[in-house]
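Asks:
2 protein chains.
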Amino acid sequence: MIAIGEASRLSGVSIETIRYYEREGIISKAVRTASGRRAYSDTEISELRFIKRCRDLGFSIQDAVALRNLADAPSDACETVERLGSKHLSDVQAKLAELRKLEKALVELVANCAKGQSDCPMLDALKAR
Amino acid sequence: MIAIGEASRLSGVSIETIRYYEREGIISKAVRTASGRRAYSDTEISELRFIKRCRDLGFSIQDAVALRNLADAPSDACETVERLGSKHLSDVQAKLAELRKLEKALVELVANCAKGQSDCPMLDALKAR
DNA sequence: GCTTGCTTCTGTAGTGACTACAGGATGCAT
DNA sequence: ATGCATCCTGTAGTCACTACAGAAGCAAGC
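Heads up: the protein sequence lines correspond to chains F and X, in order.
Be aware that the first sequence starts at 1, since it is given in the UniProt record's numbering, and climbs by one per residue.
Be aware that the second sequence starts at 1, since it is given in the UniProt record's numbering, and climbs by one per residue.
(1) From Lys-87(X), Ala-105(X), Val-107(X) and Asn-112(X), pick the residue whose C-alpha is nearest to that of Leu-109(F); which is it?
(2) Just to confirm, are Ala-105(X) and Leu-57(F) a CB contact at a threshold of 8 Å?
(3) Let me confirm a value: Ala-64(X) is counted as buried when at least 16 other C-beta atoms fall within 10 Å, else exposed. Which label applies?
(4) Please list, in chain order, the chain F residues whose beta carbon lies closer than 7 Å to that of Ser-86(X).
(5) Identify whether Leu-10(F) lies in helix, strand or coil by the three-state DSSP scheme.
(6) Taking Arg-32(X) and Ala-39(X) to be in contact with their CB atoms under 8 Å, please state how far apart those CB atoms are, rounded to whole angstroms.
(7) Are any of the Cβ atoms in chain F nearer than 8 Å to that of Arg-100(X)?
(8) Flag Ser-28(X) as yes if its beta-carbon sits less than 8 Å from any beta-carbon of chain F, otherwise no.
(9) Going along the chain, which residues of its own chain have a beta-carbon closer than 8 Å to the beta-carbon of Arg-129(F), five neighbours each way excluded?
(10) Note the first and the last residue of the continuous alpha helix (DSSP H) segment covering Ser-60(X).
(11) Can you check whether the C-beta of Lys-104(F) is within less than 8 Å of a C-beta belonging to chain X?
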């Protein structure tokens, strides 16, 4: 039986977040020891790790839960998984494109900022539409 | 005098968000007409646009406010502006690097998902640590 | 068996930056 | 006079946590 602190260390999910996941029904309620402390099994650690990995990949909690449910589901899971994955991939690619534009704009902005002048070209750039 | 709907259209900031900005003291309180409606001047539209542009560039509200205050400030503004800009640029670059890794992982994940199989390689990939 | 210090418990409130109502008043064109 | 768009205030919800407060349990050393 694994206590919550150890579960946190093993899964990489913080203690507060594990409790939050339980509260919200994202993971099932952990069994309690005689004194009321949460006790986890290896299976539950794996579940936490699965959720963590999905979150690290930028999936929403909702998607993470859907993927976890599919993980124990029957045949046609793979198609759904691929759909969620592709959708998320295109979201990520859109965000990448946006950030690249952003980076370019910021590089220009900062480059224009010649120090020591009384008027600031970067502020002017922000003011301009 | 410009009403809030028009101000929203002119600045690209939603009506709800303009009211939120006022409530939070991010912009100063708009003058009211006899009947209590908000009325904006060109200056205030510019202010909204300035904040909007900062937000679009990914600056926090806090940074946006700091930049706006600098925009009316004396000489040494430029240095501060450059500091904020550079800091933000490196944040953006870090996020870009993260997203690129993410994209790579997702591409692999989705590519591995050969449809129609009864076990799903993508789910296996998510399960593996 | 007592103290010390770490871990855990529940419950609540806060974060950032909005967004979404509900329920009512106002303005304008027909 | 009627209808519809626009606006008002105030409150609550979103997402995914994070941060307490205050109390209780546990393990080790003295």
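No residue lacks a Cβ here, since even glycine has one placed at the ideal position from N, Cα and C.
Replies: Per the coordinate set shown:
(1) Indexing the first sequence from 1 puts residue 109(F) at position 109. Checking every option, the nearest Cα to that of Leu-109(F) belongs to Lys-87(X).
(2) Here residue 105(X) corresponds to residue number 105 of the second sequence, with the count starting at 1. Here residue 57(F) corresponds to residue number 57 of the first sequence, with the count starting at 1. Contact flag set, yes.
(3) As a first step, residue 64(X) is located in the second sequence; it is residue number 64 there, counting from the start. Classification for Ala-64(X): buried.
(4) Residue numbering aside, residue 86(X) sits at position 86 when the second sequence is read from its first letter. Val-110, listed in chain order.
(5) To locate residue 10(F), count along the first sequence from 1; it is residue 10. DSSP places Leu-10(F) in helix when its eight states are reduced to three.
(6) To locate residue 32(X), count along the second sequence from 1; it is residue 32. To locate residue 39(X), count along the second sequence from 1; it is residue 39. 7 Å between Cβ atoms; contact.
(7) Here residue 100(X) refers to the residue found at position 100 of the second sequence. Taking Cβ atoms only, chain F reaches closer than 8 Å to Arg-100(X), which makes this a yes.
(8) Position 28 of the second sequence, counted from the first residue, corresponds to residue 28(X). No, no contact with chain F.
(9) Start at 1 with the first residue of the first sequence, and residue 129(F) comes out as number 129. Confidence at Arg-129(F) is low in this model, with a pLDDT of 48, below 50, so its placement is unreliable and the value that follows should be read with caution. Contacts found: none.
(10) For the purposes of this step, residue 60(X) is identified with residue 60 of the second sequence, where counting begins at 1. First-last for Ser-60(X): undefined, no H or E at that position.
(11) The count along the first sequence starts at 1 and reaches residue 104(F) at position 104. No, its Cβ sits nowhere closer than 8 Å to a Cβ of chain X.
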